[in-house]
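Inspection log for the structure reproduced underneath, given as structure tokens.
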Amino acid sequence: MIIGAPAPAGTVVVLHLSPSRGEALARMLRSGSHRASVVAPGPGAVAGIVAASPDLLVGPLVCGDATLAEIADQVRKQMATDVPVLAVLGREDADAFVDADGIIREPVDPGELLFRTGRLLRYAAEHRMLRHKIEELLGLHRVASWAFSIAGGAESLFGHLARQSAAILKAEKGLIMLYDPQRREMEGQNVAYGLTPQQVARARYPVDGEARELWNFRLNGPLLTNTARTDPRLLPDLAAVLDISSLIVVPMTRGPQVLGLILVADRAGRAPFRDEDLVTLQAVAGQATVAVENQRLHEQIKEANARLQEFDRIKSEFVATVAHDFRSPLMSIRGFAELTLEEPDLPPERRNEFMRTIIAETDDLAALANDTLLISHMETGQLTYDWKPVDVRRELRDAIPPGLATHTVLLDVPDDFPVIRADPGRLRQVLNNLVSNALKYSPLGSTVTLRAHERGRDQVIVEVIDEGLGVPADQAGRLFQKFERVRSPEHLKIPGTGLGLYICKGIVEGHRGRIWVESEPGQGSTFAFTLPVDPALQEPEDAPGDRARRSSTS
Amino acid sequence: MAKKRVLVVDDHAPTVALVRAILDAEKHTQYEVVEAATGTECLMAVDQKGPFDLILLDVKLPDMDGFSVCQALRRVETRVPIVFVTAQGDLKDFAAGREAGGDSYLVKPISRNALKAIVGLLTNIDRAGARELSKT
Numbered sequence: 035m036i037i038g039a040p041a042p043a044g045t046v047v048v049l050h051l052s053p054s055r056g057e058a059l060a061r062m063l064r065s066g067s068h069r070a071s072v073v074a075p076g077p078g079a080v081a082g083i084v085a086a087s088p089d090l091l092v093g094p095l096v097c098g099d100a101t102l103a104e105i106a107d108q109v110r111k112q113m114a115t116d117v118p119v120l121a122v123l124g125r126e127d128a129d130a131f132v133d134a135d136g137i138i139r140e141p142v143d144p145g146e147l148l149f150r151t152g153r154l155l156r157y158a159a160e161h162r163m164l165r166h167k168i169e170e171l172l173g174l175h176r177v178a179s180w181a182f183s184i185a186g187g188a189e190s191l192f193g194h195l196a197r198q199s200a201a202i203l204k205a206e207k208g209l210i211m212l213y214d215p216q217r218r219e220m221e222g223q224n225v226a227y228g229l230t231p232q233q234v235a236r237a238r239y240p241v242d243g244e245a246r247e248l249w250n251f252r253l254n255g256p257l258l259t260n261t262a263r264t265d266p267r268l269l270p271d272l273a274a275v276l277d278i279s280s281l282i283v284v285p286m287t288r289g290p291q292v293l294g295l296i297l298v299a300d301r302a303g304r305a306p307f308r309d310e311d312l313v314t315l316q317a318v319a320g321q322a323t324v325a326v327e328n329q330r331l332h333e334q335i336k337e338a339n340a341r342l343q344e345f346d347r348i349k350s351e352f353v354a355t356v357a358h359d360f361r362s363p364l365m366s367i368r369g370f371a372e373l374t375l376e377e378p379d380l381p382p383e384r385r386n387e388f389m390r391t392i393i394a395e396t397d398d399l400a401a402l403a404n405d406t407l408l409i410s411h412m413e414t415g416q417l418t419y420d421w422k423p424v425d426v427r428r429e430l431r432d433a434i435p436p437g438l439a440t441h442t443v444l445l446d447v448p449d450d451f452p453v454i455r456a457d458p459g460r461l462r463q464v465l466n467n468l469v470s471n472a473l474k475y476s477p478l479g480s481t482v483t484l485r486a487h488e489r490g491r492d493q494v495i496v497e498v499i500d501e502g503l504g505v506p507a508d509q510a511g512r513l514f515q516k517f518e519r520v521r522s523p524e525h526l527k528i529p530g531t532g533l534g535l536y537i538c539k540g541i542v543e544g545h546r547g548r549i550w551v552e553s554e555p556g557q558g559s560t561f562a563f564t565l566p567v568d569p570a571l572q573e574p575e576d577a578p579g580d581r582a583r584r585s586s587t588s
Numbered sequence: 020m021a022k023k024r025v026l027v028v029d030d031h032a033p034t035v036a037l038v039r040a041i042l043d044a045e046k047h048t049q050y051e052v053v054e055a056a057t058g059t060e061c062l063m064a065v066d067q068k069g070p071f072d073l074i075l076l077d078v079k080l081p082d083m084d085g086f087s088v089c090q091a092l093r094r095v096e097t098r099v100p101i102v103f104v105t106a107q108g109d110l111k112d113f114a115a116g117r118e119a120g121g122d123s124y125l126v127k128p129i130s131r132n133a134l135k136a137i138v139g140l141l142t143n144i145d146r147a148g149a150r151e152l153s154k155t
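Right, dumping it as structure tokens:
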């Protein structure tokens, strides 16, 4: 008697013309704790064998009309697995051609039979395992080969990953979920596999709150459950929404950061998921992470590119507009100089008038050049501020043009008004702009009030109040954008570049303040801005940088 | 000889003043310059102060662009010569200027001679002759 190493127990079918000899073999196999049954050769043999779903087939080389090999072939085809065959050789088979995985000679020794059976079953198990691994690797390869292909866009990538993940684990459903850092939510991504778009749309859950207490991919890592509906670790809704009974979830991670999950659910035929499936899906997740990251980077590059093109367009537009605005004063300077030169008989007052125009136009040109440069610095973040203590009352007083006879200007600043920290030069630009606007757009003889007061302990408000044309409410926001002016016939008759308020806004926000206009058409306007008493101690109001960027792109 | 009436449409006041000064300095022809600072003013001037012998029309006006002004003008005033005044950057749009019904164009900065030449030429076209020409 041969004593073999403990072999895995299996299901064995004995194929034998003689029921008694077949049963003898079956008994020997049962003594080795295999499940053994006997099937007689004939028309129903193959069906009978397949019904028993054997791990091993045992029988003589020839079974009635067919050989053992032929029957085994049919069985393998129908079961779609490689069932091994152990041939029992009689004395007459001494020189026979043997097509089998193992042989045993009659008379059969029970120990040898169990030894050979055990070997074949072990080989078969290992063979199945290898096949499984190969399939996994092929699946991984299919996932990986997509990792660097971004041609199909996000949807097709998610669809592919979901389908491949499910296919590798022979599951009916697959879903990619991604973490949205803005909403702090996990969100199911279209296209999923085996799930409707409606189900995917509902496959989302917050990563905070209740979700944190239950299964959490950050803390608990991957999860496998074959009782998804009742598993207390899962969010109760999720399994119901997706209509699943078993699932495996693994995270896609980049360093400590979780980008999302791969969820695979409901194995075909309701077979349970096993621990090795979890390992497989983790390998898939590794590849999928690369793919998802690639896709995301690709989207980012595309977005950045679109933004750059938009910036480029805005820049060209700016250059074109500025070029036009430069040409007009250049033209009058050149023209008047030419006239003065070519017409020696001009009356002196005409000549002086031409000269004064040339000087005024040169000043305009210089101011426009300064504004353009300032805006270019503002928009590229190169504008620097020279913080100094500033006496706002004095700055307001200095903003009133000397010898002004056309308007009355009132100064309304309390005596105890604090000294603030600001860039005096830039603040002067803001005040000069606002005051000159107030004078420009209000009737002769009207009053302009310059007022400053404190708001709370750490802010001041400066207001320039006129009795002029006013600003329609729907244009108040647009007015602070580049090249924008009030669109009314009265306003447009008065020359302006539409740059002044844009610059004011940039400078005020550079001081971490805010600028706005309050007005009723025909009743005058109040242009007001806040300044922190000390910008270093001030939180920005409504992220000025962002707003400056937004308004410059709009 | 009767004064030639020229409508100058530009929101940049010194430009208008310059055109006026250049035309005033002309010895052989007398010009009467009428000003308009916006497209709307231009249309009103044509309606109320016309007829004109020539319109100098800035392409970039605060309320509308010169091409639309020209189109609107052509609906009521088909014969007056219209000269666009453009910055170089607007030149690519000159096809649009022809389309809109313009006759010629000047690029800023305009030289005195160019302005004199084009104004002189276009204001001296015989109106009846032009009408005959347009029929053929």
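Heads up: the protein sequence lines correspond to chains A and B, in order. Under this note's numbering, the first residue of the first sequence carries the number 35, and numbering increases by one thereafter. Under this note's numbering, the first residue of the second sequence carries the number 20, and numbering increases by one thereafter. Glycine included, each C-beta is placed from N, C-alpha and C at the ideal position.
Distance, residue j Cα to residue i Cα
i	j	result
Thr374/A	Ile392/A	11 Å
Ala3/A	Pro523/A	Because chain A is modelled from 35 through 588, residue 3/A falls outside the range shown and cannot be assessed.
Leu565/A	Lys539/A	12 Å
Glu344/A	Pro382/A	52 Å
Gln416/A	Ile409/A	10 Å
Gln232/A	Ile282/A	21 Å
Val46/A	Ile83/A	9 Å
Lys167/A	Gly173/A	10 Å
Ser627/A	Lys127/B	Residue 627/A lies beyond the range of chain A shown here (35 to 588); nothing can be said about it.
Arg304/A	Val292/A	30 Å
Asp129/A	Leu102/A	16 Å
Arg427/A	His545/A	18 Å
Ile528/A	Lys135/B	28 Å
Asp397/A	Leu62/B	32 Å
Ser190/A	Leu269/A	28 Å
Distance between beta carbons of residue j and residue i, contact taken as under 8 Å
i	j	result
Leu229/A	Glu221/A	Not confirmed; about 14 Å, so no contact.
Leu90/A	Val117/A	7 Å
Gly93/A	Val48/A	6 Å
Ile137/A	Val318/A	Contact flag wrong, Cβ pair sits at about 42 Å.
Pro285/A	Leu295/A	6 Å
Arg39/B	Val28/B	That belief does not hold up - the Cβ atoms of Arg39/B and Val28/B are roughly 13 Å apart, past 8 Å.
Arg489/A	Pro569/A	With 8 Å as the limit, Arg489/A and Pro569/A do not qualify as a contact, their Cβ atoms being about 15 Å apart.
Val498/A	Leu468/A	4 Å
Leu402/A	Phe360/A	6 Å
Cutoff 9 Å: residue i Cβ touching any chain B Cβ
i	result
Met412/A	no
Gly504/A	no
Ser470/A	no
Met365/A	yes
Glu518/A	no
Gly437/A	no
Asp361/A	The sequence given here has Arg at residue 361/A, not Asp. So, interface residue.
Reduced DSSP category for residue i - H, G, I as helix; E, B as strand; rest coil
i	result
Leu121/B	As written in the sequence, residue 121/B is Gly, which differs from the Leu given in the question. Note: Gly121/B maps to coil in three-state DSSP.
Thr80/B	What sits at residue 80/B in the sequence shown is Leu, not Thr. The answer is coil: DSSP assigns Leu80/B none of H, G, I, E or B.
Asp379/A	coil
Thr616/A	Absent from the structure is residue 616/A, since the part of chain A shown begins at 35 and ends at 588.
Tyr239/A	strand
Pro569/A	helix
Met35/A	Residue placement at Met35/A is poorly supported in this model, since its pLDDT is 49, which falls under 50; the coordinates are not used for a value here.
Arg301/A	strand
Asp72/B	coil
Leu269/A	coil
Chain A within 9 Å of residue i, Cβ atoms only
i	result
Lys79/B	yes
Asp82/B	yes
His31/B	yes
Ser130/B	yes
Ile41/B	yes
Ala91/B	no
Leu37/B	yes
Lys135/B	no
Distance cut-off 8 Å: residue i Cβ against heavy atoms of the ligand COA
i	result
Ile541/A	You won't find the ligand COA in this model; it holds no ligand whatsoever.
Residue i: contacting residues in chain D (beta-carbon distance under 8 Å)
i	result
Phe388/A	Structure shown: chain D not included; protein chains present are A and B.
Quick one: which unbroken alpha helix (DSSP H) runs of 4-plus residues sit fully inside the region 476-532 of chain A? Chain order, please.
Fully enclosed alpha helix (DSSP H) runs of no fewer than 4 residues occupy 523-527 of the region 476-532 of chain A, in order along the chain.
Can you check the region 142-195 of chain A for any alpha helix (DSSP H) of at least 4 residues that lies completely inside it and give the ranges in chain order?
Listed in chain order, they are 144-181.
Threshold first: 4 residues or longer. Then list the alpha helix (DSSP H) segments lying entirely within the region 348-434 of chain A, N to C.
Runs of the alpha helix (DSSP H) lying entirely within the region 348-434 of chain A, each at least 4 residues long, are 382-413 and 426-432 in chain order.
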